[in-house]
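**Q**
Protein chains in written order, with this note's numbering: chain A, 280 to 844; chain U, 280 to 844.
Dropping the structure here:
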């Protein structure tokens, strides 16, 4: 496609999202680099355009417009020092909480910092005076990229008028040419190629208002609730289960949602990561809407399956966990409050929930049968661990393999368990120190770590002398998650990705005066665990579980293969 | 003193430095909070003041002034969004390399972020578009504080016209009242209380130009060269020694200067930390000027003694290592280049250098005599170590006690040794990992660490399997530097400051397959060292030296007490 047409389409997608978010006015100062934005603004009938020569004056004018209308107002300028003239008005908007959408055109990355004309470093130019800053990069020609731009527009508008209203800065680099050739104009109006407005928008959603009745009317048809990682208060689970019953919706419970363990109605679904690996099942269970609560789920299978499903995101922390760019409406509200008010108004498919419950139950049986005949591996260990941990205990799960294995194999249990994981940045770091902190914080917490995450935080070893529960190290000789990823098989794979450390854990741990046990099978693990759970302090110690990584991988692969049947 | 007078004096000190740095014009926009700056500007006869209502216009006007004159031009505005109007001109100045001094008045810290009127977060408002940002805090009434303000002015002017010219932003908070009472005006003109202009300035120095002849004419009388930590190229030492001979100046060599070990003339002084503990010696050896090269020295005794001595700072990296605020002139030039050109033009005190050499030699003897009868401690260990390390080897010294003990006891030696230390931030962190990197980088390097710095970087332990030299751990049971500091004796001192870890180093180290030796006296240390130096890889290993911290402290204290006689 002609690059100028692409720039235009890119800008149209952005304005589509901004208009959906309530923007109706655009104040622009003249310039060349901003041409795609002006062309798109002209083609957006819901937008009124006002040109003002001086950017400083334009910004204060936009501030007045936004104050008077209560709606976000867009500003467009060209690259270079132009946007710096907005700064005084941006400061006033930040301090007064006025929604401004700052759309600065920019040169593409390859020209920045290399002395190109009218090119300065525009990134984060307004520092802490804007609520969010985004630079989506130059225009790209893919449905996913255009979808992202629309989502970015919706998001910018929502944030600008959110709980802490104020300016939002989008820096938009454009490659030349900027003006479409005549044949491009002869093409069908780019607007007709935009995504069809989402059902949410058709029903008047996306304007940012949070009208409970309208939201309820929207939640008709086949829906799922997806609850991601989050430290929810105890009152959340009962409110959620009651809401799920009213909405006739299954609740897909992330291993870090805290919902897998404890009493729950049949709506609780925990086997989705395995279930959805079967394309027929995945298609059959596809919903019309998803109500997502908290952060994005751990399961990549689930996240991939959710793509393109209209999403309502509930996050009391006003986060935008939306890597698929499907969120049409983000509601920054206490989920207990929302759950208590949601009811299902529309028609309900009577087989919808039953299909989910049936799938979950059949998978429970299938998993049990499979593991009964499979050699001992992490799946059996998890079953023993979940059977043994006292009610109300904590389980701290490292990233990489342990959390994914918990996701696949945990299922549910009737007595409560608090599951912790450092999923904010999902790093390998600080695992043993965090474990010590959790125990010192009053929750007797068992850890499930890999050998690399254990060794990465060696300084934390010094803190493990005061635990109330064991630290379980799954030693499979390095970063075995890479065995499941495309890096597997690259030259020098073991040294550069798997990076086994080859340290005698026993000597290391005992030299710090910490109890140590090593096991290689189920019987040994159950004994060591029972022993550890009866101790405190250095007695809890470390249980090193020697895992045959290749065998384990074979067991996982065969199980997933059976899912495809 | 009246707070308004203090604000005025504070501003006068700043302008004194700025004028010394070549600033002659001040462009101001009206406001209340900036009143002390305007009053000071009025009292500074060398400054021409131009009021311009609009800050944006004022900034572009100043830009033009600076372009035309080649001198730094000052801008003054009040607090709030006022300074944001400067931004477009600041960007132009940054991109074009024009020296602007941005003097924004601000509310004091206690009013920021609490909703006070016309108060925004002004810190780092111009992001990466200014060369430096400083916020010296509200005015204070002490000679040291006023000296700092003068130094800040000199520095800001120098940086604005330095190797990478551009704007410098000083954010200046003022507490009310801002207008001095009438009796304050009746007081002697605050200008008369300013520091007398430095000799450097009297001779036309401080204008930022680097005229070799004028610099040489300045270096008359009694001077010292002080060479701080730095990774100097091999050609530096010969150039420096030749320069010292021409200038008739002793060279005070920091342990991390690389100058203590290797051939040198008698000008090399290494015992200053002990020498200058005697007030009479310190007074007798006081110089008229100091030529400082590189970072500030490790020795606090030396740094304190240098306070208020006019200083020329040579730093090829254009740093401002000037915690005493005595630098009158900073020259960002290769020190070899400078040393080769410097000659002494003025009168020379014939006894000056001889006094230093005599002191150093007497202290060499005194130290040897003292250690001959003292119980074995780190001082003896250092002597053995320096006698044993091969020519051209590296010695990596941890912060806290080891580098200070090296400073006190090393003396000099004729064969070269590269001394390394992480003094950039002088942290306790990353010592064993750095050591592994130094060895892998091709310099066979022995380390001298304390037990805490060793344990702080436990992950680095895994890297110690590939060393070419031993890692010596001085285990004195925790952070013993605090035993020398005022924290000593506070409640719960050992647990909260000294923080001994109580780990069996032997088990820990051997569990990683690393060689381990422990010693408690000179004979044992010499044997272990000889053994280690004959090995590579895991064989070099760790030598744990058990140190009796209380006895060691007693030996140090008694030695310093003798210095007072």
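Cβ coordinates follow ideal geometry from the N, Cα and C atoms, glycine included.
Expressed to the nearest angstrom, what Euclidean distance is found between the alpha-carbon atoms of residue 558 of chain A and residue 689 of chain A?
**A** Working through the first chain from its first residue, we reach residue 558 of chain A at position 279. Working through the first chain from its first residue, we reach residue 689 of chain A at position 410. Residue 558 of chain A and residue 689 of chain A: Cα-Cα distance of roughly 22 Å.
**Q** Quick one: which chain U residues come within Cβ less than 7 Å of residue 339 of chain A?
**A** Counting from 1 along the first chain, the entry for residue 339 of chain A is found at position 60. Residues of chain U passing the Cβ test: none, with the nearest at roughly 11 Å.
**Q** For a test of the three-state rule: what should DSSP assign to residue 845 of chain A, helix, strand or coil?
**A** A question about residue 845 of chain A goes unanswered here, because the residues of chain A that appear run from 280 up to 844.
**Q** Looking at residue 382 of chain U: is its Cβ nearer than 8 Å to the Cβ of residue 316 of chain U?
**A** Here residue 382 of chain U is taken as the residue at index 103 of the second chain, counted from 1. Here residue 316 of chain U is taken as the residue at index 37 of the second chain, counted from 1. By the CB criterion at 8 Å, residue 382 of chain U and residue 316 of chain U fall inside the cutoff.
**Q** So what does DSSP say about residue 828 of chain A, is it helix, strand or coil?
**A** Numbered from 1 along the first chain, position 549 holds the residue referred to as residue 828 of chain A. Residue 828 of chain A falls in the helix class under three-state DSSP.
**Q** Could you tell me which chain U residues have their CB closer than 8 Å to the CB of residue 740 of chain A, listed as they occur along the chain?
**A** As a first step, residue 740 of chain A must be located in the first chain, where it is residue number 461. In chain order: 737.
**Q** So, helix, strand or coil for residue 485 of chain U, using DSSP?
**A** Translated into positions along the second chain, residue 485 of chain U becomes position 206. Residue placement at residue 485 of chain U is flagged as unreliable, the pLDDT there being 36, under the threshold of 50; a coordinate-derived value is accordingly withheld.
**Q** Quick one: is residue 363 of chain U near chain A, going by C-beta distance under 8 Å?
**A** Translated into positions along the second chain, residue 363 of chain U becomes position 84. So yes, residue 363 of chain U belongs to the interface.
**Q** How many angstroms separate the CA atom of residue 640 of chain U from the CA atom of residue 527 of chain U?
**A** Residue mapping note: residue 640 of chain U aligns to position 361 of the second chain, counting from 1. Residue mapping note: residue 527 of chain U aligns to position 248 of the second chain, counting from 1. Their backbone Cα atoms lie some 17 Å apart in a straight line.
**Q** Taking the alpha carbon of residue 656 of chain A as the point to measure from, which residue in A:522, A:636 and A:824 has its own alpha carbon closest?
**A** The residue you call residue 656 of chain A lines up with position 377 of the first chain. Comparing Cα-Cα distances from residue 656 of chain A to each of A:522, A:636 and A:824, the minimum goes to A:824.
**Q** Determine the closest residue to residue 419 of chain A out of A:338, A:820, A:283 and A:396, with distance taken between C-alpha atoms.
**A** Residue 419 of chain A sits at position 140 when you count from the first residue of the first chain. Proximity to residue 419 of chain A across A:338, A:820, A:283 and A:396 peaks at A:283, based on C-alpha coordinates.
**Q** Between the Cα of residue 536 of chain U and the Cα atoms of U:792, U:575 and U:773, which residue gives the shortest distance?
**A** Residue 536 of chain U sits at position 257 when you count from the first residue of the second chain. The shortest Cα separation from residue 536 of chain U among U:792, U:575 and U:773 belongs to U:575.
**Q** Tell me the rounded alpha-carbon separation between residue 401 of chain A and residue 357 of chain A.
**A** Taking the first chain and counting its residues from 1, one reaches residue 401 of chain A at position 122. Taking the first chain and counting its residues from 1, one reaches residue 357 of chain A at position 78. Straight-line Cα distance between these residues: approximately 11 Å.
**Q** Check whether the stretch 787 to 799 of chain U and the stretch 757 to 777 of chain U are in contact - that is, three or more C-beta pairs closer than 8 Å.
**A** no
**Q** Do we get a CB-CB distance below 8 Å when we pair residue 399 of chain U with the residues of chain A?
**A** Stepping through the second chain from its first residue, residue 399 of chain U is reached at position 120. Judged by the 8 Å Cβ criterion, residue 399 of chain U is in contact with chain A.
**Q** Would the stretch 569 to 583 of chain A count as touching the stretch 657 to 671 of chain A if we require 3 or more Cβ pairs under 8 Å?
**A** No: fewer than three Cβ pairs fall under 8 Å.
**Q** Which residues in the same chain as residue 522 of chain U place their Cβ atom closer than 7 Å to its Cβ, once the five residues preceding and following it in sequence are excluded?
**A** In the second chain, counting from the first residue as 1, residue 522 of chain U sits at position 243. Answer for residue 522 of chain U: 618 and 621, listed in chain order.
**Q** With respect to the alpha helix (DSSP H) encompassing residue 295 of chain A, which residues constitute its N-terminal and C-terminal limits?
**A** Start at 1 with the first residue of the first chain, and residue 295 of chain A comes out as number 16. For residue 295 of chain A, the enclosing alpha helix (DSSP H) starts and ends at 282 to 299.
**Q** Between the alpha carbons of residue 378 of chain A and residue 445 of chain A, how many angstroms are there, rounded?
**A** Within the first chain, numbered from 1, the residue matching residue 378 of chain A stands at position 99. Within the first chain, numbered from 1, the residue matching residue 445 of chain A stands at position 166. In a straight line, the C-alpha of residue 378 of chain A is about 5 Å away from that of residue 445 of chain A.
**Q** If you draw a straight line from the C-alpha of residue 546 of chain U to the C-alpha of residue 394 of chain A, how long is it?
**A** Here residue 546 of chain U refers to the residue found at position 267 of the second chain. Here residue 394 of chain A refers to the residue found at position 115 of the first chain. When rounded, the distance between both Cα atoms is 49 Å.
**Q** Got a sec, what are the start and stop residues for the beta strand (DSSP E) residue 673 of chain U sits in?
**A** In the second chain, counting from the first residue as 1, residue 673 of chain U sits at position 394. Unbroken beta strand (DSSP E) run through residue 673 of chain U: 673 to 676.
**Q** Please report the straight-line C-alpha distance between residue 411 of chain A and residue 367 of chain A, rounded to a whole angstrom.
**A** One-based indexing of the first chain puts residue 411 of chain A at position 132. One-based indexing of the first chain puts residue 367 of chain A at position 88. Straight-line Cα distance between these residues: approximately 17 Å.
**Q** Please report whether the beta-carbon of residue 822 of chain A lies at a distance below 8 Å from any beta-carbon of chain U.
**A** Start at 1 with the first residue of the first chain, and residue 822 of chain A comes out as number 543. Not closer than 8 Å to any Cβ of chain U, the Cβ of residue 822 of chain A fails to qualify, so no.
**Q** For the stretch 732 to 773 of chain A, which segments carrying the alpha helix (DSSP H) assignment without a break, of at least 4 residues, lie completely within its bounds, in sequence order?
**A** 737 to 740
**Q** Keeping to the same chain, check which residues put their C-beta closer than 7 Å to that of residue 533 of chain U; ignore five residues upstream and five downstream.
**A** Here the question's residue 533 of chain U lines up with position 254 in the second chain. Once the five neighbours on either side are set aside, the close Cβ partners of residue 533 of chain U are 506, 507, 508, 576 and 577.
**Q** Judging by CA-CA distance, which residue of A:838, A:372 and A:803 is the nearest neighbour of residue 822 of chain A?
**A** By one-based count along the first chain, residue 822 of chain A stands at place 543. Minimum Cα distance to residue 822 of chain A is reached at A:803.
**Q** Is residue 388 of chain A helix, strand or coil when you go by DSSP?
**A** By one-based count along the first chain, residue 388 of chain A stands at place 109. If DSSP states are grouped into helix, strand and coil, residue 388 of chain A belongs with the helices.
**Q** Looking only at its own chain, which residues have a Cβ that is under 8 Å from the Cβ of residue 467 of chain U, when we skip the five neighbours before and after it?
**A** For the purposes of this step, residue 467 of chain U is taken as the residue at position 188 of the second chain. Interpretation of residue 467 of chain U is limited by its pLDDT of 44, a score under 50 that renders its predicted location unreliable; no figure is taken from the coordinates.
**Q** Take residue 344 of chain A and list the residues in its own chain whose beta-carbon comes closer than 6 Å to its own, dropping the five residues that flank it on each side.
**A** On the first chain, residue 344 of chain A is found 65 positions in, with the first residue counted as 1. Correct list, in chain order: 304 and 352.
**Q** Here's the rule: buried if 16 or more other CB atoms are within 10 angstroms of the residue's CB, otherwise exposed. What is residue 637 of chain A?
**A** As a first step, residue 637 of chain A is located in the first chain; it is residue number 358 there, counting from the start. Here residue 637 of chain A is exposed, its C-beta having fewer than 16 other C-beta atoms within 10 Å.
**Q** Can you list, in chain order, the residues of the stretch 369 to 384 of chain A whose Cβ is nearer than 7 Å to any Cβ on chain U?
**A** 370, 371 and 374
**Q** Can you check whether the C-beta of residue 366 of chain A is within less than 8 Å of a C-beta belonging to chain U?
**A** Walking along the first chain from the start, residue 366 of chain A turns up at place 87. Yes, its Cβ sits closer than 8 Å to a Cβ of chain U.
**Q** Which one of A:797, A:756, A:333 and A:346 has the shortest CA to CA distance from residue 781 of chain A?
**A** For this step, residue 781 of chain A is matched to residue 502 along the first chain. Per the Cα distances, A:756.
**Q** On the premise that residue 677 of chain A lies in contact with residue 727 of chain A, defined as a C-beta separation below 8 Å, what is that separation, rounded to the nearest angstrom?
**A** Residue numbering aside, residue 727 of chain A sits at position 448 when the first chain is read from its first letter. Residue numbering aside, residue 677 of chain A sits at position 398 when the first chain is read from its first letter. Contact holds; Cβ gap of about 6 Å.
**Q** Does the separation of the CB atoms of residue 606 of chain A and residue 585 of chain A fall below 8 Å?
**A** Looking up residue 606 of chain A in the first chain gives position 327. Looking up residue 585 of chain A in the first chain gives position 306. Against a cut-off of 8 Å, the Cβ pair of residue 585 of chain A and residue 606 of chain A comes out as no contact.
**Q** Grab the span of the alpha helix (DSSP H) containing residue 617 of chain U for me, first residue to last.
**A** Stepping through the second chain from its first residue, residue 617 of chain U is reached at position 338. Start and end: 614 to 620.
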